[in-house]
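If you use my numbering, the sequence shown corresponds to residues 2 to 133, in order.
Beta carbons are placed, not taken as given, at the ideal position from N, Cα and C, and that holds for glycine.
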Amino acid sequence: SRLVALLNHPTAGTALHTPVLRLLGNLASADPSGLSPEQSETMTAIILHSHALRALAGLVAQPDCKKGILKEVCWIASNVAASATEAATAALIGSNLASSMIAIVSGTSHAFEVRREAGWALANASMAASDR
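Right, here's the structure in full:
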């Protein structure tokens, strides 16, 4: 919750967003091979319960959002989607982050590496949905 509050702080900029996003990304990408299924789900649950995805969607919606921030947000979304839980998929859709990923992939105004990360997020979400 405190990390999300930092993302939402009105004076926060790239210098603060980048390390906060990296922390959230590391939580989201916790290697499940070293964790029990319950522990792996807990990592995703921490992100979901903190409403981080709404804050991430807010960052992506800013017209002056930097390429590095976009790439980090897409990476986090990709890892949350890869958790393959119904709650993760619902949160990605409910936060409008999935819509943002679609817009990023289908547009041409973003750098290739940002579009690629957004594509991974969508691919992971679709794979998670098809596994159910």
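Proximity to HIS18 across GLU87, ILE48, LEU71 peaks at LEU71, based on C-alpha coordinates.
Under the three-state reduction of DSSP output, ALA122 falls in the helix class. Using a Cβ distance threshold of 7 Å, SER96 and ALA58 count as a contacting pair. In terms of Cβ geometry, ALA91 and VAL81 do not form a close pair [threshold 7 Å]. Boundaries for ASN97: no alpha helix (DSSP H) harbours it, and the DSSP string shows neither H nor E there. For CYS66 against ALA122, the beta-carbon gap comes to about 16 Å, at or over 8 Å, which does not count as contact. An exposed status is given to GLU87, since fewer than 16 other beta-carbon atoms sit within 10 Å of its beta-carbon.
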